[in-house]
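Per this note's numbering, residue 209 is the first one in the sequence shown, and the count goes up by one each step.
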Amino acid sequence: KQFNLSRQTVRQALGDLEKDGWIIRQQGRGTFVADRAAKKSGQIALVIKSVSNFIFPEIIRGIDSVLSEAGFELKLYLSQDDPEREAEYLKKIADNEVDGVIIEPAKNAGPCVNYRYYQELDQKEIPYLMIHSYWPELDPAYYIVDDCWGGYIATQYLLQLGHRKIAGIFNIDVKQGLDRLAGYKKALLEYGIEPESWLIGEYQYKTDHDSFPYHFLQHLLGRPEKPTAIFCYNDLDAIRALDAIRSANLKVPDDFSIVGYNDSILATASEVKLTSIKHPKREFGREAARMIINMSGRKIEKPRLIVQPELIIRSSCSKNNL
Numbered sequence: 209k210q211f212n213l214s215r216q217t218v219r220q221a222l223g224d225l226e227k228d229g230w231i232i233r234q235q236g237r238g239t240f241v242a243d244r245a246a247k248k249s250g251q252i253a254l255v256i257k258s259v260s261n262f263i264f265p266e267i268i269r270g271i272d273s274v275l276s277e278a279g280f281e282l283k284l285y286l287s288q289d290d291p292e293r294e295a296e297y298l299k300k301i302a303d304n305e306v307d308g309v310i311i312e313p314a315k316n317a318g319p320c321v322n323y324r325y326y327q328e329l330d331q332k333e334i335p336y337l338m339i340h341s342y343w344p345e346l347d348p349a350y351y352i353v354d355d356c357w358g359g360y361i362a363t364q365y366l367l368q369l370g371h372r373k374i375a376g377i378f379n380i381d382v383k384q385g386l387d388r389l390a391g392y393k394k395a396l397l398e399y400g401i402e403p404e405s406w407l408i409g410e411y412q413y414k415t416d417h418d419s420f421p422y423h424f425l426q427h428l429l430g431r432p433e434k435p436t437a438i439f440c441y442n443d444l445d446a447i448r449a450l451d452a453i454r455s456a457n458l459k460v461p462d463d464f465s466i467v468g469y470n471d472s473i474l475a476t477a478s479e480v481k482l483t484s485i486k487h488p489k490r491e492f493g494r495e496a497a498r499m500i501i502n503m504s505g506r507k508i509e510k511p512r513l514i515v516q517p518e519l520i521i522r523s524s525c526s527k528n529n530l
């Protein structure tokens, strides 16, 4: 009453303060100011696979903007999707006792080979947040995109356009690729279509990701029975597949439809504007930073957040009238 505020405004403000870790609300007891412990180093470590991935510059900008506002310094480590490099960085991070770690786990389609280094972070009470994927055996805090849903809605869109022979290209080194593949298969099965192995291209990032999309689709387009559409693991794969389609003297979208993933700058970089699954990028980075700041210096329940991506429709798909 003193400040002429409504109850709803006060409730919303308290909710925001609780979300950001400034207060703790306990049912039956009341609302208390949180014990925000002093920073250890003022640093947050970010371990990612590569900065050449077209979504990561925006993610990093989002993370850095929030950390800077909160007085934290960002330390960047590139694992190159190599578990040994990841182990080296985790040891260094544990020794330096940073305030928190945001990490995209390396080779996350398989079991966690660096379990003991994550345990060391736990023992030193250094919180870590896994992004894009996580290992259930660690029971970690995580922030991921629902890639199964992304693969599902991409394939569903092509099915709704009348396509039935839909190819797919997937990076099987990472759980994101396996989840997108699962979503692709789920959509086909819902339409009564059994996924066919000859239409599914699987590759490993370090060995053949540069050339695989082109050669795989070139091979498919040379068969008597051809696909009419393809869903690609990311926009870069889609651009490479686009080159194969052109080499076969086919036009997109008149003769062939294509869907990418991430809605990166590549989606609008060529004359054919890619339909793509949107990754939230900068806002994803900002939210990841808010989560790790909230975890730093305090023992709280591990946050777990899954965001559903959306389909951005452009001009790379058309109806299949065959």
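Beta carbons: idealized from backbone N, C-alpha and C, even for Gly.
Leaving out five residues before and five after residue i in sequence, what residues of the same chain have Cβ atoms less than 7 Å from its Cβ?
| i | result |
| --- | --- |
| residue 381 | 289, 315, 317, 412, 413 |
| residue 392 | 359, 363, 376, 439 |
| residue 282 | 252, 254, 271, 272, 275 |
| residue 455 | 426 |
| residue 488 | 515 |
| residue 322 | 291, 294, 295, 298 |
| residue 533 | The structure shown has nothing for residue 533, since the chain only spans 209 to 530. |
List the residues that DSSP assigns as beta-bridge partners of residue i.
| i | result |
| --- | --- |
| residue 251 | 281 |
| residue 535 | Given that the chain is displayed from residue 209 to residue 530, the structure contains no residue 535 and the question cannot be resolved. |
| residue 322 | None; residue 322 has no bridge partner. |
| residue 467 | 439, 483 |
| residue 311 | 255, 338 |
| residue 376 | 408, 439 |
| residue 519 | 485 |
| residue 286 | 256 |
What does a CB cutoff of less than 6 Å around residue i pick up in its chain, not counting 5 residues either side in sequence?
| i | result |
| --- | --- |
| residue 355 | 384, 387, 388 |
| residue 481 | 522, 523 |
| residue 370 | 527, 528 |
| residue 422 | 448, 451, 452 |
| residue 284 | 254 |
| residue 483 | 467, 521, 522, 524, 525 |
| residue 350 | 338, 342, 512 |
| residue 420 | 411 |
| residue 326 | 346 |
| residue 394 | 360 |
| residue 486 | 471, 517, 518, 520 |
Among residues of its own chain, excluding the 5 on either side of residue i, which ones have a beta-carbon nearer than 8 Å to its beta-carbon?
| i | result |
| --- | --- |
| residue 462 | 526 |
| residue 220 | none |
| residue 478 | 447, 450 |
| residue 264 | 256, 258 |
| residue 434 | 373, 428 |
Taking the alpha carbon of residue i as the point to measure from, which residue in the options has its own alpha carbon closest?
| i | options | result |
| --- | --- | --- |
| residue 424 | 500, 269, 448, 433 | 448 |
| residue 513 | 270, 319, 493 | 493 |
| residue 459 | 477, 298, 429, 296 | 429 |
| residue 396 | 344, 486, 406, 374 | 374 |
| residue 320 | 299, 294, 334 | 294 |
| residue 262 | 302, 507, 372, 490 | 490 |
| residue 258 | 280, 311, 302 | 311 |
| residue 517 | 471, 507, 510, 498 | 471 |
| residue 441 | 433, 408, 457, 435 | 408 |
| residue 400 | 390, 432, 367, 457 | 367 |
| residue 432 | 498, 445, 406, 418 | 406 |
| residue 324 | 390, 404, 299 | 299 |
| residue 155 | 336, 398, 469, 292 | What is shown of the chain runs 209 to 530, which leaves residue 155 out entirely. |
| residue 509 | 266, 445, 328, 348 | 348 |
| residue 365 | 353, 340, 398, 334 | 398 |
| residue 340 | 418, 434, 464, 267 | 267 |
| residue 445 | 464, 469, 434, 435 | 469 |
List the whole-angstrom C-beta distance separating residue i from residue j, where the pair is believed to meet the contact cut-off of C-beta under 8 Å.
| i | j | result |
| --- | --- | --- |
| residue 496 | residue 466 | Actually they do not touch by this definition, with Cβ atoms about 30 Å apart. |
| residue 503 | residue 308 | 6 Å |
| residue 474 | residue 361 | No, residue 474 and residue 361 are not in contact; Cβ-Cβ is about 20 Å, not under 8 Å. |
| residue 378 | residue 410 | 5 Å |
| residue 501 | residue 302 | Not a contact, Cβ separation roughly 19 Å. |
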